[in-house]
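Numbering (my numbering), first residue to last: 913 to 1214.
No residue lacks a Cβ here, since even glycine has one placed at the ideal position from N, Cα and C.
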Ligand code: CP
């Protein structure tokens, strides 16, 4: 795979992560109008084989702001409907001149079958495996809030079993020296992910990341014990009221209001949910810039 691809957080050293966050911050201030040199303005394709609003359209926004000519692939009007494989679809985009590919696919580790593709690939989410651009926007949100990524207490609650966000965030945050706990229904425990009591961990956390139930990945729930999901496992106003004064609420979205989070909390003072989306566009600019071989604007002091 091309060395500028970004498939999992393991592709990045801590220093490279900080470079990307630093570039994203520059895109929100000193470099807000920065565009790629003309020689780097290559034909780019966004291949989303499963639905997306934030990731798809923030990559598109980032690409257009950077000056890239882009196209959006539509699986429903493509030759996938005639039985073409993922590999042959991606190989076709490479053969006809696309030089950068952003791919989301429901299959875990789909990129392993694309190892012979020469152009850089940015993974926009694979099944329940990885979501590196979401992880980077989560790191940027935490970094902007706390000024560092070490020593933080992070609580991730909900459908952990099917969450690529939980997987990528755990990998990166633990590498930086933060502690990540998980909570939610016992059906959604995941090997290697330490579950704790949600109510006890509320007062421990510096950030609480709520997750959507991923019914489309086969999530099943039988342990509600007569309560509704919000009351038993969701962020209610009562739980919000017990959070540390400085603590924040995050959610990768889409949000199912009134299910995993009380609808009034989505834009409450501690919520950073829409800030995360803004940060998503900024980190995706930085990821695209890296994928095209441009060096960081400057090394972060963090
Ligand atoms: N957070 C996230 O990946 O959202 P989308 O599925 O809308 O891209």
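For residue i, which residues of its own chain have a beta-carbon under 6 Å away from its beta-carbon, when the five flanking residues on both sides are left out?
i            : result
residue 1184 : 1053, 1160 and 1162
residue 967  : 1036
residue 1174 : 1148 and 1149
residue 948  : 978 and 979
residue 953  : 979 and 980
residue 924  : none
residue 1065 : 1091, 1116, 1117 and 1118
residue 1143 : none
residue 1074 : 1040, 1126, 1129 and 1131
residue 1120 : 1067 and 1161
Expressed to the nearest angstrom, what Euclidean distance is found between the alpha-carbon atoms of residue i and residue j?
i            : j            : result
residue 1004 : residue 1014 : 14 Å
residue 970  : residue 1192 : 7 Å
residue 996  : residue 990  : 9 Å
residue 1070 : residue 1177 : 16 Å
residue 942  : residue 1197 : 14 Å
residue 975  : residue 984  : 12 Å
residue 1046 : residue 1132 : 24 Å
residue 1156 : residue 1051 : 20 Å
residue 1011 : residue 973  : 18 Å
residue 999  : residue 1020 : 14 Å
residue 987  : residue 1130 : 22 Å
residue 1058 : residue 1006 : 41 Å
residue 1181 : residue 1200 : 32 Å
residue 1209 : residue 1115 : 38 Å
residue 1125 : residue 926  : 30 Å
residue 1077 : residue 1043 : 6 Å
residue 1109 : residue 932  : 34 Å
residue 1101 : residue 1008 : 44 Å
residue 1152 : residue 956  : 42 Å
residue 944  : residue 950  : 17 Å
residue 1146 : residue 1134 : 16 Å
residue 1002 : residue 960  : 11 Å
residue 1048 : residue 928  : 11 Å
residue 1097 : residue 1190 : 30 Å
residue 1179 : residue 982  : 32 Å
residue 1099 : residue 1113 : 19 Å
Which one or two residues does DSSP pair with residue i in a beta bridge?
i            : result
residue 1016 : 960
residue 1155 : In DSSP, residue 1155 forms no bridge with anything.
residue 1058 : The partner list for residue 1058 (beta bridge, DSSP) is empty, contrary to what the question assumes.
residue 1029 : Beta-bridge pairing links residue 1029 to no other residue.
residue 1069 : 1095 and 1122
residue 1042 : 1038
residue 1169 : 1173
residue 951  : Paired residues: none, contrary to the question.
residue 983  : 957
residue 1107 : 1094
residue 1183 : 1161
residue 1147 : 1173
By a C-beta neighbour count over all protein chains shown, 10 Å radius and 16 as the cutoff for buried, is residue i buried or exposed?
i            : result
residue 1031 : buried
residue 859  : As shown, the chain starts at 913 and ends at 1214. That puts residue 859 outside it, with no answer to give.
residue 1172 : buried
residue 1207 : exposed
residue 1127 : exposed
residue 993  : exposed
residue 936  : buried
residue 1186 : exposed
residue 1158 : exposed
Thinking C-alpha only, which one of the options is nearest residue i?
i            : options                   : result
residue 1165 : 964, 1092 and 1132        : 964
residue 1118 : 1068, 1097 and 1167       : 1068
residue 1195 : 1132, 1040 and 1056       : 1056
residue 1091 : 1011, 1081, 1100 and 1097 : 1081
residue 1016 : 1087, 1040, 962 and 1041  : 962
residue 1062 : 1072, 1089 and 1041       : 1089
residue 1103 : 1109, 955, 1094 and 950   : 1094
residue 1122 : 1018, 960, 1168 and 934   : 1168
residue 1060 : 934, 1188 and 1189        : 934
residue 1072 : 1120, 1105 and 1140       : 1105
residue 1154 : 1140, 1141 and 1111       : 1111
residue 1141 : 1099, 1170 and 1188       : 1170
Going along the chain, which residues of its own chain have a beta-carbon closer than 8 Å to the beta-carbon of residue i, five neighbours each way excluded?
i            : result
residue 913  : 919, 1023, 1026, 1027, 1029 and 1033
residue 916  : 1032, 1202, 1203, 1204 and 1205
residue 922  : 1083
residue 939  : 946, 1194, 1197 and 1198
residue 1086 : 1092
residue 1039 : 1017, 1018, 1019, 1020, 1021, 1022, 1076 and 1129
residue 1188 : 1049, 1050, 1053, 1162, 1163, 1164 and 1165
Return the chain-ordered list of same chain residues with a C-beta closer than 7 Å to the C-beta of residue i, the five sequence neighbours on each side being excluded.
i            : result
residue 1041 : 1020, 1021, 1076 and 1079
residue 1107 : 1094, 1095 and 1101
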